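Asks: The working numbering puts the first residue of the sequence shown at -1, with every later residue one more than the last.
We put the beta carbon where it would ideally sit given N, CA and C, even for glycine.
Keep in mind it's a predicted model, so treat the numbers as computed, not measured.
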Amino acid sequence: MRVVLVSCVAKKADYPAPAAELYQSAWFKKARAYAKQFGAGWYILSARHNLVSPTTVLAPYNQTLNGLSADSRREWAVETFRQIREQIPVCELIILAGTKYREYLVPALEAAGYEVIVPMAHLGIGQQMQWLDKELAGA
-1 MRVVLVSCVA KKADYPAPAA ELYQSAWFKK ARAYAKQFGA GWYILSARHN
49 LVSPTTVLAP YNQTLNGLSA DSRREWAVET FRQIREQIPV CELIILAGTK
99 YREYLVPALE AAGYEVIVPM AHLGIGQQMQ WLDKELAGA
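1) Report buried or exposed for Arg80, applying the criterion of at least 16 other Cβ atoms within 10 angstroms of its Cβ.
2) What does a CB cutoff of less than 6 Å around Tyr59 pick up in its chain, not counting 5 residues either side in sequence?
3) Can you tell which of Met118, Gln22 and Ala33 has the C-alpha that lies nearest to the C-alpha of Val1?
4) Which residue marks the beginning of the beta strand (DSSP E) containing Ser5, and which one marks its end?
5) Measuring CB atoms only, is the stretch 80 to 94 touching the stretch 54 to 70, in the sense that at least three cross pairs come out at less than 8 Å?
6) Can you give me the C-alpha to C-alpha distance between Thr62 and Ala18, rounded to a whole angstrom?
7) Looking at the secondary structure, which residues open and close the alpha helix (DSSP H) in which Val104 lies?
8) Taking the CB atoms as reference points, tell me whether Val104 and Val114 lie closer together than 7 Å.
9) Helix, strand or coil: how does DSSP classify Gly65 here?
10) Do you know whose CA, among Glu90, Ala95, Gly122 and Lys98, lies nearest Ala110's CA?
11) Looking at C-alpha atoms only, which residue of Lys10, Val4, Leu107 and Asp12 is the closest neighbour of Asp31?
12) Give every residue of the same chain whose Cβ lies closer than 6 Å to the Cβ of Ser23, excluding the five residues on either side of it in the sequence, and list them in chain order.
13) Helix, strand or coil for Ala15, going by three-state DSSP, please let me know.
In structure tokens:
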């Protein structure tokens, strides 16, 4: 089984919405399409809410892991890992998220037996958009 984890983004709707529709950036829309096409399931990695089902209704918020200390990011990763273990059986996880979301989470997931794939790990945002376009066109 393959599950895709997609990071949240700054651009959000200005009203409560299911998480799949709350996040509004072009990158997120492409990542969402990829997750739906290539995953048996998908979730969102939220800086505020940790692991979020796409159908969970969320109010807009303004929080990112980028400005947090290493200790705060580690705490976020511990809680997110706990939620993943509760909701997703050991499987292949494709993570579409930046370094701050992955740095402490990926080692914990790998130690627990998840096969973690980060296909866009070293790509800038423009390259990520191109990669997503190519993957979506080739499917």
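Replies: Judging by the given coordinates:
1) exposed
2) Arg46
3) Ala33
4) Arg0 to Ser5
5) no
6) 17 Å
7) Leu103 to Ala109
8) yes
9) coil
10) Glu90
11) Sequence check: residue 31 is Ala here, not Asp. Closest option to Ala31, Cα to Cα, is Val4.
12) Val7 and Lys9
13) strand
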